[in-house]
DNA sequence: GTCCATACTTAGCATCCCAGTG
DNA sequence: CACTGGGATGCTAAGTATGGAC
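Residue numbers (the numbering used here): 198 to 927.
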């Protein structure tokens with residue numbers, strides 16, 4: 198069962214190819230809410246009858262059996278045969294369940310034991326949530342410092358120098374259990390975007406062939422457009438329309454009357470000017486570059502850190518987003534709109550009362566200063582495109598993010614313990630008398646098996662038309678009673694998060710198939726597939742099945758368990774370091790495929806692949822030469838039988854070995870890169886894979902963790918690197 | 001249940017930067 | 001030593017989830 202997610206279909210290879218075509222397809226659906234209502238009314242009585250019919254068709258096929266024959270298609274295709282590293286692709290053969298699902302004393306390896314949770318950290322969270330009143334103190338020695346801000350600050354500053362050597366192991370300390378996120382918080386506030394600098398007078402803008410001097414407000418917005426001139430989207434109707442509308446808002450009455458047609462605007466001189474500027478920046482002297490670097494470092498030291506509970510912690514995004522033109526992902530109805538400049542009076546500052554409050558720039562005021570220690574953000578503002586709130590928060594290496602991340606994986610491990618029960622349950626629910634329960638059960642099956650996202654409803658016309666599981670519409674799936682020799686095949690084709698296409702053909706169990714047919718009956722293509730379901734209903738149900746369980750936990754769980762399983766299967770002891778790392782990447786890749794983490798093939802892909810191939814060819818030739826030389830040396834040595842020729846044999850043998858190794862290295866590199874062409878590994882590595890699995894794997898095979906995690910990643914996963922031992926089991 | 005606000009995680013792409021190469 | 005490919009980092013959009021008002 199552990200590997201079933203791997204199997205999910207033939208999604209990848211054709212997926213991106215169709216991206217463009219797919220975009221053209223119109224999603225004309227509208228009025229979903231109404232549709233949902235309508236559906237309900239329509240099917241109200243029918244459900245019960247249906248149930249009778251359906252309840253006969255079931256067979257008692259075991260979930261487990263179902264998944265025995267699975268293997269990864271996408272990787273199959275891509276594995277290179279010529280090089281010596283065609284270790285089998287991550288074909289998933291079924292393993293005895295036991296290997297995975299009973300976990301022998303998993304927790305024992307954790308060094309620290311937070312008093313309150315011997316069992317798991319998941320429970321720790323529970324405690325936190327339930328006993329809101331019982332304030333647990335963090336480490337006692339911290340307490341006094343927290344209260345006096347002066348001291349906290351000085352302490353913090355001392356830490357600046359100290360901390361690099363002795364890293365704070367927050368994971369060895371207790372956590373808050375009272376729902377507060379911190380006791381003391383001090384920071385310097387955000388860094389605002391540089392003010393607009395009007396263009397030099399020689400850079401002309403013209404309208405309808407005539408020069409025209411814009412006042413700075415309008416000119417600034419024009420420069421935003423000019424800077425994007427090379428992008429395809431400046432040619433899109435919606436983009437242009439939105440842009441012009443917002444641009445005109447910044448114009449004087451006079452400008453407004455004149456400038457009515459975007460097609461008559463000439464942004465080219467502006468665009469050229471900015472290109473020249475960026476060239477100039479690139480060509481700058483070393484000194485100049487160093488100056489800039491130093492200034493950046495100064496800003497980072499000043500604004501890039503805060504003091505939270507006695508520790509100096511890195512802030513993730515201390516710079517306020519500069520104004521510009523909004524470009525959403527995919528077919529976004531708001532593309533081209535003006536993203537306003539954020540001013541101090543838009544800013545809410547959050548810090549502790551007893552801290553030194555950040556100062557707004559001279560002559561300005563913050564919108565508000567509050568002291569809310571139930572949240573983790575330092576600064577917030579409301580963005581003008583969607584009206585959503587943006588935050589400045591801490592870096593992933595910080596305690597506050599790290600604890601949460603750790604807890605996320607503990608929840609996923611919790612799911613591991615009861616996933617069998619939950620699977621049995623939803624399979625049972627496929628037969629339910631109630632439509633809403635059947636829908637819930639089928640949706641959950643998709644979320645589990647295919648690692649789909651939950652699929653919250655979205656406001657129509659505000660964002661690109663994308664969906665997740667609960668928001669799938671009839672038009673997003675096709676049912677094939679029989680397809681390519683397989684029975685009950687479901688074809689998924691929809692745009693998910695970031696308008697990334699999800700395309701997959703999956704055989705499902707008969708009952709699921711029949712249910713889908715039922716759900717689709719008498720519906721229009723733009724009706725919701727699961728009209729009786731939404732994410733909050735689903736999550737409420739999940740919450741009852743397991744504490745802390747939500748739809749996304751399945752993604753985390755399935756991703757991590759897949760990595761662990763794949764690593765076990767793909768890593769072979771005899772292989773060298775490089776090959777092991779390739780195996781790791783392949784395991785990682787299996788997860789990325791499961792989670793549909795795609796990327797556009799790098800622009801330079803073909804070229805760089807060619808270069809690499811050329812290198813490989815050259816190395817092959819070199820190897821041939823080296824071997825020939827070795828041979829002749831050997832022959833020579835046989836005849837001469839003296840020390841000198843023996844030595845020469847040795848040297849040449851070494852040369853051959855060295856060359857062989859270099860060749861292998863190149864070939865591995867080529868394989869890895871080819872397989873990675875349109876797959877992004879970073880997202881799963883950073884967000885879905887319990888780092889302790891990777892750390893344990895590194896320890897087991899004595900692979901330096903640096904080969905797997907770069908510096909930033911090591912900082913983020915410091916807790917895992919510190920605590921996971923070789924025998925860690927997810 | 002629905003709607004809305006809020007907070008926080010997850011996501012891909014653009015740009016930066018630096019190590020390795022010729 | 002200059003160049004450059006590609007990984008690291010920055011950026012910010014787009015998700016998930018929850019809780020409270022009605």
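Every residue, glycine too, gets a C-beta built ideally from N, C-alpha and C. Computed from a predicted model, the values in this text were never measured in an experiment.
- request: Tell whether a beta-carbon distance below 8 Å holds between residue 549 and residue 381.
  value: yes
message: So for residue 655, helix, strand or coil by DSSP?
response: Looking at residue 655 - three-state DSSP - the assignment turns out to be coil, as it is neither helix nor strand.
field: Cβ-Cβ distance between residue 748 and residue 767 below 8 Å
entry: no
task: State the beta-bridge partners of residue 686 as determined by DSSP.
output: Residue 686 is bridged to 677 and 704.
query: Exposed or buried, which one is residue 608 when buried takes at least 16 other CB atoms within 10 Å?
result: buried
Strand pairing of residue 795, partner residues [DSSP]: 876
query: Straight-line CA distance for residue 677 to residue 432?
result: 40 Å
- prompt: Secondary structure at residue 247, three-state DSSP: helix, strand or coil?
  reply: Because the pLDDT of residue 247 is 37, which lies under 50, any placement of that residue in the model is unreliable, and the question is left without a value.
query: If we ignore side chains and look at the alpha-carbon of each, how far apart do residue 709 and residue 721 end up?
result: 20 Å
- prompt: Which partner residues of residue 547 appear in the DSSP bridge assignment?
  reply: 567
- prompt: From residue 469 to residue 528, what distance separates their C-alpha atoms?
  reply: 28 Å
message: Let me check one thing: in DSSP terms, what residues is residue 587 bridge-paired to?
response: 578
task: Would you be able to state if there are at least three C-beta pairs under 8 Å between the region 454 to 468 and the region 396 to 414?
output: Yes: the two stretches touch, three or more of their Cβ pairs being nearer than 8 Å.
field: Completely contained alpha helix (DSSP H) runs for the region 751 to 778, where each covers 4 or more residues
entry: none
For residue 823 and residue 650, the rounded distance between their alpha carbons: 54 Å
message: To the nearest angstrom, how far is the alpha carbon of residue 597 from that of residue 591?
response: 8 Å
- prompt: Are there three or more Cβ pairs, one per stretch, closer than 8 Å when the region 832 to 847 is compared with the region 804 to 818?
  reply: no
query: Skipping 5 residues on each side, what residues in its chain have a beta carbon closer than 7 Å to that of residue 248?
result: Low local confidence applies: a pLDDT of 37 at residue 248 is under 50, so the model's placement there is unreliable, and no value is given.
task: List the endpoints of the continuous alpha helix (DSSP H) containing residue 425.
output: Element bounds for residue 425: n/a, residue is neither H nor E.
message: Closest to residue 701 by C-alpha separation, out of 912, 691 and 373, would be which residue?
response: Selection 912, 691 and 373 evaluated against residue 701 yields 691 as nearest (Cα-Cα).
- prompt: Should the region 388 to 396 be regarded as contacting the region 576 to 585, the criterion being three or more beta carbon pairs within less than 8 Å?
  reply: No, the region 388 to 396 is not in contact with the region 576 to 585.
message: Could you give the first and the last residue of the continuous beta strand (DSSP E) run that contains residue 508?
response: For residue 508, the enclosing beta strand (DSSP E) covers residues 508 to 511.
- prompt: Going by the CB atoms, is the gap between residue 444 and residue 473 shorter than 8 Å?
  reply: no
- request: Out of 554, 438, 456 and 475, point me to the one whose CA is closest to residue 530's CA.
  value: 438
query: Can you tell me whether DSSP reads residue 720 as helix, strand or coil?
result: coil
Inter-residue spacing [alpha-carbon to alpha-carbon] between residue 669 and residue 435: Each residue's Cα considered, the two are about 26 Å apart.
- request: Please state if the CB of residue 643 and the CB of residue 615 are separated by a distance shorter than 8 Å.
  value: no
query: DSSP beta-bridge partners for residue 864?
result: DSSP output for residue 864 lists no bridge partner at all.
query: From what residue to what residue does the beta strand (DSSP E) around residue 505 run?
result: Unbroken beta strand (DSSP E) run through residue 505: 502 to 505.
field: Cβ neighbour criterion (16 or more within 10 Å) applied to residue 546
entry: Taking all protein chains in view, the Cβ of residue 546 is crowded by 16 or more other Cβ atoms within 10 Å, so the residue is classified as buried.
- prompt: Should residue 568 be labelled buried (16 or more other beta-carbon atoms within 10 Å of its own) or exposed?
  reply: exposed
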